[in-house]
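Report on one structure; see the data block that follows.
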Amino acid sequence: MTEQYGQCTKELIKKSKMKNKLKDYRRNVEALIKQRDLCKYYKTEIKNTINGLEEKYYAGLIDKRTFSAYIDKYLEGRQPQDWYSMYDYHINECNEDIMSYEEKINEINKQFVNKKNSLAMIFTVIGIIAL
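Here it is in structure tokens:
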């Protein structure tokens with residue numbers, strides 16, 4: 193009986209650890225999604241800002257020197273493609289990490305389902321034996 197109690201306690205501890213891992217993985221996925229969405233937002237912001245400045249330039253509202261100064265200051269001396277590449281890299285990294293965590297989440301969920309199925313089988317067998 194004591195052995196069964198010890199086994200039950202170990203299972204509860206293991207289940208609790210798995211639930212904590214599951215929560216951590218889900219939090220990480222949420223954080224990565226926010227980070228990915230922020231990168232997408234900033235990438236779009238750069239495109240929109242450049243397009244807006246180009247429209248002002250072509251409409252004659254700002255001269256070439258002012259346009260170049262705004263662009264240079266806004267892009268911090270980099271080319272737009274440098275920023276796009278950086279954000280694309282971070283977006284891809286986030287997507288890869290999200291997929292990795294989702295695989296881990298699915299694996300833990302499978303373990304929970306397998307444990308539930310095992311318990312159902314045990315109670316079925318106990319019920320049959322009791323008859």
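Per this note's numbering, the sequence shown starts with residue 193, numbered consecutively.
No residue lacks a Cβ here, since even glycine has one placed at the ideal position from N, Cα and C.
- Under the three-state reduction of DSSP output, residue 230 falls in the helix class.
- The beta carbon of residue 239 lies closer than 7 Å to none in the same chain, with the five residues before and after it left out.
- Per the Cβ contact rule, the segment 221 to 234 is in contact with the segment 279 to 288 (3 or more Cβ pairs under 8 Å).
- Counting C-beta pairs closer than 8 Å gives three or more between the segment 211 to 224 and the segment 296 to 304, which meets the contact rule.
- Assigned with DSSP and collapsed to three states, residue 252 falls in coil, not helix or strand.
- In this structure residue 221 is in contact with residue 290, their Cβ atoms being roughly 6 Å apart against a cut-off of 8 Å.
- Between residue 248 and residue 254, the gap from beta carbon to beta carbon is short of 7 Å.
- Each residue's CA atom was taken as its position, placing residue 278 and residue 237 some 14 Å apart.
- Within a 10 Å sphere around the beta-carbon of residue 206 sit fewer than 16 other beta-carbons, which makes this residue exposed.
- Secondary structure of residue 270 (DSSP, three-state): coil.
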